[in-house]
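In the numbering used here, the protein residues as written are 5 to 319.
Virtual Cβ for every residue (Gly too), placed ideally from N, Cα, C.
Keep in mind it's a predicted model, so treat the numbers as computed, not measured.
Working notes for the structure below.
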Amino acid sequence: YTPWDIMDLLARHGLTWHEKTLGQLFCDQKAGKVLEALLAECEAGGVDLMTDIGIESVSYSDGRYTIKSADQEWRTSNLVIASGGISIPKMGATDFGYKIARQFGLKVVEPLPALVPFTFAEALMDRMRSLAGVSADSIISCGKISFRENLLFTHRGLSGPAILQVSSYWQPGEEITINILPDVGNVLEWLKTERQNRAKSSLKAALSNVLAERLADYIAADWPGNMADLSNKALEIIAGNLGSWTLTPTGTEGFKKAEVTKGGVNTDALSSKTMEVTKQPGLYFIGECVDVTGWLGGYNFQWAWASGHAAGQAV
Numbered sequence: 005y006t007p008w009d010i011m012d013l014l015a016r017h018g019l020t021w022h023e024k025t026l027g028q029l030f031c032d033q034k035a036g037k038v039l040e041a042l043l044a045e046c047e048a049g050g051v052d053l054m055t056d057i058g059i060e061s062v063s064y065s066d067g068r069y070t071i072k073s074a075d076q077e078w079r080t081s082n083l084v085i086a087s088g089g090i091s092i093p094k095m096g097a098t099d100f101g102y103k104i105a106r107q108f109g110l111k112v113v114e115p116l117p118a119l120v121p122f123t124f125a126e127a128l129m130d131r132m133r134s135l136a137g138v139s140a141d142s143i144i145s146c147g148k149i150s151f152r153e154n155l156l157f158t159h160r161g162l163s164g165p166a167i168l169q170v171s172s173y174w175q176p177g178e179e180i181t182i183n184i185l186p187d188v189g190n191v192l193e194w195l196k197t198e199r200q201n202r203a204k205s206s207l208k209a210a211l212s213n214v215l216a217e218r219l220a221d222y223i224a225a226d227w228p229g230n231m232a233d234l235s236n237k238a239l240e241i242i243a244g245n246l247g248s249w250t251l252t253p254t255g256t257e258g259f260k261k262a263e264v265t266k267g268g269v270n271t272d273a274l275s276s277k278t279m280e281v282t283k284q285p286g287l288y289f290i291g292e293c294v295d296v297t298g299w300l301g302g303y304n305f306q307w308a309w310a311s312g313h314a315a316g317q318a319v
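Spelled out as structure tokens, the structure:
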């Protein structure tokens, strides 16, 4: 079930989309319109929707599953768990899927926040809060992984698409490296040229031509005077702050802000063709409750559509 399949479905409901710089597709209409299209498909397929029902138990006997709530009971030969991860609990996210998986002996890879903003030590934040709201086209690296998109400074730390992408690969204690001049090949040589051409200008004035004013002011704060006053050693330090600014997050903003959950039901226990548990007939896990995590920009939605289609065809 490819991206073109879901795009064709949405197009049949009058929805349109646009492509961003990295090839990501975003719907032009609000999320409510996508929901309306999906609900219309459910109605056409004769789906019964039952909400605000707490499931008290799930059991299996004689080839059938029994699902019980406080006042209802269902019996079925096929049970598909599509309960998502535990990100953004205020939207109703719970660990229900993980509990069911463990009940039937499946391994659950530790759930962790992904596509999530970073937080930093208070001493650093005391300085960086002056940058809250500033964004910059940047290359963010963590180990061998790097992404070029916008970086956003917040009152709590760093966010923006580039940070969210890297967060899925970051491990506690690791450093991240920020290049806030990605279009400047050799930052040190560029600074030397600026010093030569703008000897009587300040570093802030030079940086303001390529960075947001508040960010230029932050970088230049420790270097008053004119460009001509800056030694080669000083330029090397400044170049490092611009092209390879190294920071160590203290953590993330957690599940309350994470767009997705990394981890979940181990894929080794599932059929890659049908999403059925290989040792438990009739039980399926799909979507975000499975240990599959995509990049920002619709990849996690596509996994939900594709894995759901695979299970749907099987049942």
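Distance, residue 185 Cα to residue 224 Cα:
14 Å
Just checking, does the segment 252–267 make contact with the segment 98–118 on the three C-beta pairs under 8 Å criterion?
yes
Are the CB atoms of residue 211 and residue 239 within a distance shorter than 8 Å?
no
Which residues in the same chain have their Cβ closer than 6 Å to the Cβ of residue 70, if we skip the five residues on either side of it in sequence?
Scanning its chain for C-beta atoms nearer than 6 Å, with the 5 sequence neighbours on each side dropped, one finds around residue 70 the residues 63 and 79, in chain order.
Tell me which residue opens and which closes the alpha helix (DSSP H) that residue 34 is part of.
It is not in any alpha helix (DSSP H) - residue 34 carries neither H nor E in the DSSP assignment.
Kindly indicate which three-state DSSP category residue 8 falls into: helix, strand or coil?
helix
Residues bridged to residue 121 [DSSP beta-bridge criterion]:
Its beta-bridge partners do not exist; DSSP assigns none.
Using DSSP bridges, identify the partner residues of residue 167.
According to DSSP, which records beta bridges pairwise, residue 167 is partnered with nothing at all.
Measure the Cβ-Cβ separation of residue 151 and residue 140 and say whether it is below 8 Å.
no
With 16 other CB atoms within 10 Å as the buried threshold, where does residue 122 fall?
Within a 10 Å sphere around the beta-carbon of residue 122 sit 16 or more other beta-carbons, which makes this residue buried.
Give me the DSSP bridge partner(s) of residue 126.
For residue 126, which the question treats as bridged, DSSP gives no partner whatsoever.
Work out the CA separation of residue 25 and residue 135 for me, nearest whole Å.
25 Å
Cα-Cα separation, residue 57 to residue 214:
Rounded to whole angstroms, the separation of the alpha carbons of residue 214 and residue 57 is 55 Å.
Under the DSSP definition of a beta bridge, which residues are partnered with residue 181?
145 and 250
Suppose contacts are defined by Cβ-Cβ distances below 8 Å. Is residue 204 in contact with residue 236 by that definition?
no
Are the CB atoms of residue 292 and residue 265 within a distance shorter than 8 Å?
yes
Complete runs of the alpha helix (DSSP H) confined to the segment 51–118 [at least 4 residues]
100–107
Could you pull the start and end residues of the alpha helix (DSSP H) that residue 196 belongs to?
191–201
Span separating the alpha-carbon of residue 52 from that of residue 309:
19 Å
Over the uninterrupted beta strand (DSSP E) stretch that includes residue 208, give me the two end residues.
Element bounds for residue 208: not the beta strand (DSSP E) but the alpha helix (DSSP H), 207–211.
Residues that DSSP places opposite residue 331 in a beta bridge
Because residue 331 is not part of the residues shown, which for the chain are 5 to 319, the question remains open.
From this set, 251, 189 and 286, which residue's C-alpha is nearest residue 315's C-alpha?
Of the listed residues, the one whose Cα sits closest to residue 315 is 286.
Quick check: what's the CA-CA separation for residue 197 versus residue 142?
22 Å
Where residue 182 and residue 249 are concerned, what is the direct C-alpha to C-alpha distance, given to the nearest angstrom?
5 Å
Please work out which residues of its chain come closer than 7 Å, Cβ to Cβ, to residue 171, disregarding the five sequence neighbours upstream and downstream, and give them in chain order.
118, 119, 120, 122 and 256
Cβ-based burial, residue 282 [other Cβ within 10 Å; buried from 16]:
Flag for residue 282 reads exposed.
Restricting to Cα atoms, I'd like to know which of 61, 67 and 89 is closest to residue 77.
61
Tell me where the beta strand (DSSP E) around residue 287 begins and ends.
Residues 287–289.
Same chain only: Cβ atoms within 6 Å of residue 304, ignoring 5 sequence neighbours per side
Cβ within range, chain order: 264 and 298.
Distance, residue 295 Cα to residue 74 Cα
30 Å
Environment of residue 15 [buried if 16+ CB atoms lie within 10 Å]:
exposed
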